[in-house]
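**Q**
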Amino acid sequence: DSGVTQTPKHLITATGQRVTLRCSPRSGDLSVYWYQQSLDQGLQFLIQYYNGEERAKGNILERFSAQQFPDLHSELNLSSLELGDSALYFCASSVLDRGGNTIYFGEGSWLTVV
Amino acid sequence: AQSVTQLGSHVSVSEGALVLLRCNYSSSVPPYLFWYVQYPNQGLQLLLKYTSAATLVKGINGFEAEFKKSETSFHLTKPSAHMSDAAEYFCAVSESGKLIFGQGTTLQVKP
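And the structure:
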């Protein structure tokens, strides 16, 4: 158990819909990361927050957005869903946001778009 | 931008044989390198990390990796494979605090 909690674990939704994935980081961790894992793209970095502020952006679509709340939990919002958005979405956390940090991953949220 | 390349998307070994999973990195600065393992239907678990303290890094479950600057490599090894080692392994480099992952190597262990 990494201490990073993600909900829901599984989600099936229709195209065009909107979903929210939730993440609680490890106690004391200020930095939260979101990754997408799919068969064709592998593990792709989406976005990072540090203590409530956006720190880095990766290959995140405009239809996707995220935020980190004052209690440090984070949400990833996916809208206008397409079949290709079906993937495993990971949240991860670390104490700091600099190189060499150990980043701990949650078990992921499986999203299936039908 | 930094990157990692994992050579071989699938590696198959017999139980008890040496495990060697290859990773090469590209970085303009001294890198921080990681190996993670993903068991079926689970999240990513850190095996080990290199942060320039020592070139030979020992991790969990008997794995180790050696940082070779001259070869820009960070290969993962284990002397004797167990059936429980069957999983997907990811090499990653840290860039501004976030991780950039390789494409992953699936390790199959045959009895």
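The listed protein sequences correspond, in order, to chains A and B. Residue numbering for the first sequence follows the working numbering, beginning at 5 and increasing consecutively. Residue numbering for the second sequence follows the working numbering, beginning at 2 and increasing consecutively. The C-beta atom is built at its ideal place from N, Cα and C for all residues, glycine as well.
(1) Helix or strand or just coil, what does DSSP make of A/Lys13?
(2) Going by DSSP, what residues sit across from A/Tyr54 in a beta bridge?
(3) Please list the terminal residues of the continuous beta strand (DSSP E) segment that includes B/Thr107.
(4) Tell me the rounded alpha-carbon separation between B/Leu61 and A/Ser90.
(5) Is it the case that the stretch 103–112 of chain B contacts the stretch 14–30 of chain B, given that we only count it when at least three CB pairs across the two stretches are under 8 angstroms?
(6) In chain B, which residues lie less than 8 angstroms from A/Gly32 when you measure between Cβ atoms?
(7) So, helix, strand or coil for B/Asn62, using DSSP?
(8) Rounded to the nearest angstrom, what separates A/Gly56 and A/Glu66 at their Cα positions?
(9) Should the stretch 20–34 of chain B be regarded as contacting the stretch 87–101 of chain B, the criterion being three or more beta carbon pairs within less than 8 angstroms?
(10) Cβ atoms of A/Cys27 and A/Gln10: under 7 angstroms apart, would you say?
(11) Taking the alpha-carbon positions, what's the B/Ile101 to A/Ser6 distance?
(12) Using the three-state DSSP reduction, which class does A/Gly112 fall into: helix, strand or coil?
(13) Who are A/Ala70's beta bridge partners in DSSP?
(14) What span of residues does the beta strand (DSSP E) with B/Ser23 cover, start to end?
(15) Looking at chain B, is there any beta carbon in it that lies within less than 7 angstroms of the beta carbon of A/Glu111?
(16) Count the other CB atoms within 10 Å of the CB of B/His76; is the residue buried (16 or more) or exposed (fewer)?
(17) Return the first residue and the last residue of the beta strand (DSSP E) that B/His11 is part of.
(18) Can you tell me the Cα-Cα spacing of A/Leu50 and A/Ile64, whole angstroms?
(19) Could you check which residue in B/Gly63, B/Phe68 and B/Phe64 has the C-alpha nearest to that of B/Ala55?
(20) In whole angstroms, what is the alpha-carbon distance linking B/Gln43 and B/Lys99?
**A** Taking the coordinates as given:
(1) Locating residue 13 of chain A in the first sequence gives position 9, counting from the first residue. Here A/Lys13 sits in coil by DSSP.
(2) The count along the first sequence starts at 1 and reaches residue 54 of chain A at position 50. Bridge partners of A/Tyr54 according to DSSP: A/Ser35 and A/Glu57.
(3) Here the question's residue 107 of chain B lines up with position 106 in the second sequence. For B/Thr107, the uninterrupted beta strand (DSSP E) segment begins and ends at Thr106 to Lys111.
(4) Residue numbering aside, residue 61 of chain B sits at position 60 when the second sequence is read from its first letter. Residue numbering aside, residue 90 of chain A sits at position 86 when the first sequence is read from its first letter. The residue asked about is misnamed: residue 61 of chain B is Ile in this sequence, not Leu. The straight-line gap from Cα to Cα measures roughly 32 angstroms.
(5) The stretch 14–30 of chain B, when compared against the stretch 103–112 of chain B, does touch it at the 8 angstroms Cβ threshold.
(6) Walking along the first sequence from the start, residue 32 of chain A turns up at place 28. Listed by position along chain B, the residues whose Cβ is nearer than 8 angstroms to that of A/Gly32 form an empty set, because the closest Cβ is around 16 angstroms away.
(7) As a position in the second sequence, residue 62 of chain B is number 61, starting the count at 1. Looking at B/Asn62 - three-state DSSP - the assignment turns out to be helix.
(8) Taking the first sequence and counting its residues from 1, the one referred to as residue 56 of chain A is at position 52. Taking the first sequence and counting its residues from 1, the one referred to as residue 66 of chain A is at position 62. When rounded, the distance between both Cα atoms is 20 angstroms.
(9) A contact between stretches requires three or more CB pairs, one per stretch, nearer than 8 angstroms, and the stretch 20–34 of chain B meets this requirement with the stretch 87–101 of chain B.
(10) Here the question's residue 10 of chain A lines up with position 6 in the first sequence. Here the question's residue 27 of chain A lines up with position 23 in the first sequence. When the beta-carbon positions are compared, A/Gln10 and A/Cys27 come within less than 7 angstroms of each other.
(11) Here residue 101 of chain B is taken as the residue at index 100 of the second sequence, counted from 1. Here residue 6 of chain A is taken as the residue at index 2 of the first sequence, counted from 1. Across the structure, B/Ile101 and A/Ser6 are spaced so that their CA atoms are roughly 20 angstroms apart.
(12) For the purposes of this step, residue 112 of chain A is identified with residue 108 of the first sequence, where counting begins at 1. In the structure shown, A/Gly112 sits in coil (DSSP, three-state: anything other than H, G, I, E or B).
(13) Here the question's residue 70 of chain A lines up with position 66 in the first sequence. In DSSP, A/Ala70 forms a bridge with A/Leu80.
(14) In the second sequence, counting from the first residue as 1, residue 23 of chain B sits at position 22. Note that residue 23 of chain B corresponds to Arg in the displayed sequence, not to Ser. Taken as a continuous stretch (DSSP letters only), the beta strand (DSSP E) holding B/Arg23 covers Val20 to Ser27.
(15) In the first sequence, residue 111 of chain A corresponds to position 107, counting from 1. Output row for A/Glu111: interface = yes.
(16) The residue given as residue 76 of chain B occupies position 75 in the second sequence. Looking at its Cβ environment, which holds 16 or more other Cβ atoms inside 10 Å, B/His76 is buried.
(17) By one-based count along the second sequence, residue 11 of chain B stands at place 10. Taken as a continuous stretch (DSSP letters only), the beta strand (DSSP E) holding B/His11 covers His11 to Ser15.
(18) Your numbering for residue 50 of chain A matches position 46 in the first sequence. Your numbering for residue 64 of chain A matches position 60 in the first sequence. So the alpha carbons of these two residues sit roughly 5 angstroms apart.
(19) Numbered from its first residue, the second sequence carries residue 55 of chain B at position 54. Closest by C-alpha distance to B/Ala55, out of B/Gly63, B/Phe68 and B/Phe64, is B/Phe68.
(20) Your numbering for residue 43 of chain B matches position 42 in the second sequence. Your numbering for residue 99 of chain B matches position 98 in the second sequence. The alpha-carbon separation between B/Gln43 and B/Lys99 amounts to approximately 21 angstroms.
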